[in-house]
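This report refers to the structure that appears directly beneath it.
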Amino acid sequence: MPPSGYLSASGIEACLQFIASNFPSIAQLIVLPESSIEGRTIRAVKLAKGSGERRGVLLIGGVHAREIVNPDTLVTFALKMCQAYSAGTGLTYGGKVWEKGIIKLIIESSDLFILPLVNPDGRVFVQSPSGDAMWRKNRNPNPGQPCKGVDINRNYDFLFTSGIMTSTSSCSDVFKGTSAFSEPETRNVRHMLDTYTNICCMADVHSYSELILHNWGDDDSQTTDPTMNFQNPAFNGLRGNPGDTLYKEYIPADDLNFMVNTGNKIRDAISAVRGRVYTVEPGVLLYPTSGTSKDYAYSRHFVDASKRKVIAYTIETGTEFQPTHSEGLHIIDEVSSGLIQFCLNCICAVETTFTATELAGELTFMRAFRDEEMLRSVAGRKFVRLLEDHSVELAVMFMGDDRLRKQLLESTKGIVEVLRTSKTAKPKTIDSKIVSAADKLLKTVADKGSPELKKAVGEVSRDLKQFKGKTVADGLKELSRKK
Amino acid sequence: MARKFFVTVMGNSKRALIDLQKADLDLFQATSRVNEQKQFVIEGLLSLEEVGKLVEQGYRVLVEEEQSKRARAPRETIEFQQWIKQMEE
Numbered sequence: 001m002p003p004s005g006y007l008s009a010s011g012i013e014a015c016l017q018f019i020a021s022n023f024p025s026i027a028q029l030i031v032l033p034e035s036s037i038e039g040r041t042i043r044a045v046k047l048a049k050g051s052g053e054r055r056g057v058l059l060i061g062g063v064h065a066r067e068i069v070n071p072d073t074l075v076t077f078a079l080k081m082c083q084a085y086s087a088g089t090g091l092t093y094g095g096k097v098w099e100k101g102i103i104k105l106i107i108e109s110s111d112l113f114i115l116p117l118v119n120p121d122g123r124v125f126v127q128s129p130s131g132d133a134m135w136r137k138n139r140n141p142n143p144g145q146p147c148k149g150v151d152i153n154r155n156y157d158f159l160f161t162s163g164i165m166t167s168t169s170s171c172s173d174v175f176k177g178t179s180a181f182s183e184p185e186t187r188n189v190r191h192m193l194d195t196y197t198n199i200c201c202m203a204d205v206h207s208y209s210e211l212i213l214h215n216w217g218d219d220d221s222q223t224t225d226p227t228m229n230f231q232n233p234a235f236n237g238l239r240g241n242p243g244d245t246l247y248k249e250y251i252p253a254d255d256l257n258f259m260v261n262t263g264n265k266i267r268d269a270i271s272a273v274r275g276r277v278y279t280v281e282p283g284v285l286l287y288p289t290s291g292t293s294k295d296y297a298y299s300r301h302f303v304d305a306s307k308r309k310v311i312a313y314t315i316e317t318g319t320e321f322q323p324t325h326s327e328g329l330h331i332i333d334e335v336s337s338g339l340i341q342f343c344l345n346c347i348c349a350v351e352t353t354f355t356a357t358e359l360a361g362e363l364t365f366m367r368a369f370r371d372e373e374m375l376r377s378v379a380g381r382k383f384v385r386l387l388e389d390h391s392v393e394l395a396v397m398f399m400g401d402d403r404l405r406k407q408l409l410e411s412t413k414g415i416v417e418v419l420r421t422s423k424t425a426k427p428k429t430i431d432s433k434i435v436s437a438a439d440k441l442l443k444t445v446a447d448k449g450s451p452e453l454k455k456a457v458g459e460v461s462r463d464l465k466q467f468k469g470k471t472v473a474d475g476l477k478e479l480s481r482k483k
Numbered sequence: 484m485a486r487k488f489f490v491t492v493m494g495n496s497k498r499a500l501i502d503l504q505k506a507d508l509d510l511f512q513a514t515s516r517v518n519e520q521k522q523f524v525i526e527g528l529l530s531l532e533e534v535g536k537l538v539e540q541g542y543r544v545l546v547e548e549e550q551s552k553r554a555r556a557p558r559e560t561i562e563f564q565q566w567i568k569q570m571e572e
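Chains as they are written, first to last, in the numbering used here: chain A, 1 to 483; chain B, 484 to 572.
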């Protein structure tokens, strides 16, 4: 039987405690360093099994107090992930089935950080009969100013001083605060990003409008002029006018492609639940923003190259702030499905498969080879695309079959040895032993895989034979010519 | 506190929509869009006084519903013990 109402703020907190105490082998409570303005402890939970180098995904919600469904979504998602993993089952949301291997892959190959209620004071006020159900901000008393509350999602350090669609009036619903990170709630989110440096993906779940928003939010984007960017003071005063030609925020084309492709996959995973079709678009919409979590998270690696790139989204759930709880249950299901897809897109299948093996040390080399050699040829790009398209299925397959994984390691070792010589005076060629080992592996993968994977493997098998007796560079060149 | 209403504000241009920022109104950024009639629209939560001012400035405003009609948070809240019991039933 589904719950009959939304959880209170203390209920969200109790749910996190419940998860941590009932699933201690995979769930770990994190106490954020700062309490809320009214003194409430704020906690997150980390879901993970195993350790070692792995990617992190951060999901946050409950930033805007009146957007009531999202903290429930995140704790329900966390609880069901734990239950499914522990029981060795999958998860079904309406018409979408996530197999047990998918749940296992996420829990065992990534760190999933869930901070469901960034702004507990706001939720308490919204849920109180004597409060204001449509309150948006935190409950900062703003000493010396006429009104309470700061908009947490305008308080991050991204173009904070620009004033783009923010207010300096404490009575405004988009009051940005006295300085970037003036609020404990925003500092807690920054703490997560600073402390868990493996976080490479983040979603801030808001309401409403059924949108999946990617960068940027301050203006239109462009992929050609890296000097036209948020750090360049030459463009101060020109940002925040989408539709004009004076300024467009730079975003590398590869990042934009990843954001759009991942956004589309999240959209499809949501839609598969009950048919609601979310729209994927840049956060700027018709109305730009500054000081938001999504832009801050993604901008960090431009400001400080030592920081990891974080691909960030804002998901705007549902069609109103406080849907009836029965409608809220549907939203929880569909967004949970989208979040599973988001986690999958943040996992690298190759990294997952080779971490903690003797090939772990070759990952950097393999990435460089992909970027510098494969992606520069038609045939190479095709191999990369095929791998990306089927990476989740492959990762699940290798994770669940030790023999197959061993076979993959042996086969890859031979290939890496050849690749290592590709830039030397005497590059090695792909010999029949390597081709035959790879062919054997591909046959097994095809036998175990979906029809789509089988088809892709067939293509790779055919192309593989063309490499026999050639260097990798020559093989790629010849194949590209034929295509 | 003045009664507030959920509204849709319609302007003739993107500029008109962006200019609304100056009024410090509770407008929902994520709802900004071009509707089927090619109008630039944004939804918000406004008092009738605020609606009147916008109309004077040339915006069209569709008043939809009083705030309390969509305010379910205080009514539909439960504690964790009840929530988990129902989840486990």
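Just so you know, even glycine gets a beta-carbon here, dropped at the ideal spot from N, CA and C.
- Among the residues facing chain B, Y6 of chain A is included, as its CB has a counterpart in that chain under 8 Å away.
- Pairwise C-beta distances place the segment 410 to 420 of chain A out of contact with the segment 519 to 536 of chain B, as fewer than three of them are shorter than 8 Å.
- Spatial neighbours of E549 of chain B in its own chain (CB-CB distance under 7 Å, excluding positions within 5 residues in sequence) are listed in chain order as R486, F488.
- Beyond the five residues adjoining it in sequence on each side, D173 of chain A comes within less than 6 Å, by CB distance, of R136 in the same chain, given in chain order.
- Within the segment 259 to 292 of chain A, the residues whose Cβ lies closer than 7 Å to any Cβ of chain B are, in chain order, L285, L286, Y287, T289.
- Between the segment 61 to 74 of chain A and the segment 123 to 130 of chain A there are three or more inter-stretch CB-CB distances shorter than 8 Å, so the stretches are counted as touching.
- The alpha carbon of Y298 of chain A has as its nearest neighbour, out of A:R367, A:A473, A:P252, A:R276, the alpha carbon of A:P252.
- Counting along the chain, no alpha helix (DSSP H) covers R555 of chain B, and no H or E run does either.
- C343 of chain A counts as buried, since no fewer than 16 other beta carbons sit within 10 angstroms of its beta carbon.
- A Cβ of chain B is located within less than 8 Å of the beta carbon of P3 of chain A.
- Under the 10 Å beta carbon count, R481 of chain A is surrounded by fewer than 16 other beta carbons and is classified as exposed.
- Per DSSP, Y313 of chain A is one residue of the beta strand (DSSP E) stretching across 311 to 317.
- Partner residues in the beta bridge of D204 of chain A, as assigned by DSSP, are A:I60, A:T314.
- Under a 10 Å Cβ-count criterion, M259 of chain A is classified as buried, with 16 or more other Cβ atoms of the shown protein chains found around its own Cβ.
- Using a CB distance cut-off of 8 Å, L529 of chain B does not count as an interface residue toward chain A.
- For the options A:F23, A:V75, A:G144, the alpha carbon positioned closest to that of A87 of chain A is the one of A:F23.
- Contact of Y247 of chain A with chain B is not assigned, every C-beta pair being separated by 8 Å or more.
- DSSP links Q222 of chain A through a beta bridge to A:Y250.
- Boundaries of the alpha helix (DSSP H) harbouring T353 of chain A: 349 to 354, taken from the DSSP string.
- A distance of 8 Å or more separates the beta carbons of I164 of chain A and V57 of chain A.
- Taken through DSSP and simplified to helix, strand or coil, A44 of chain A comes out as strand.
- The segment 209 to 227 of chain A and the segment 311 to 321 of chain A touch, with no fewer than 3 CB-CB distances between them shorter than 8 Å.
- Looking from the CA of T412 of chain A, the closest CA among A:I331, A:A438, A:T73 belongs to A:A438.
- DSSP places V524 of chain B in the strand class (E or B) of the three-state scheme.
- Counting only runs of at least 3 residues, the segment 77 to 116 of chain A fully encloses the following beta strand (DSSP E) elements, listed from N- to C-terminal order: 91 to 93, 96 to 98, 110 to 115.
- Bridge pairing for P282 of chain A: A:H214 [DSSP].
- Membership of S515 of chain B in any alpha helix (DSSP H) is not indicated; the residue belongs instead to the beta strand (DSSP E) covering 510 to 517.
- For I340 of chain A, the uninterrupted alpha helix (DSSP H) segment begins and ends at 325 to 346.
- Within the same chain, R66, V126, F321 come within 8 Å of M134 of chain A by CB-CB distance, once the 5 residues on both sides are set aside.
- Distance check between S209 of chain A and each of A:K470, A:L285, A:C201 places A:L285 closest, using alpha-carbon atoms only.
- CA-CA distance, K307 of chain A to H301 of chain A, rounds to 5 Å.
- Contacts with chain A at 8 Å (Cβ-Cβ) do not include L545 of chain B.
- A distance below 8 Å separates the beta carbons of I37 of chain A and R139 of chain A.
- Chain B has no Cβ within less than 8 Å of the Cβ of T161 of chain A.
- A direct Cα-to-Cα measurement between I114 of chain A and S336 of chain A gives close to 12 Å.
- At a cut-off of 8 Å between C-beta atoms, F523 of chain B counts as an interface residue with respect to chain A.
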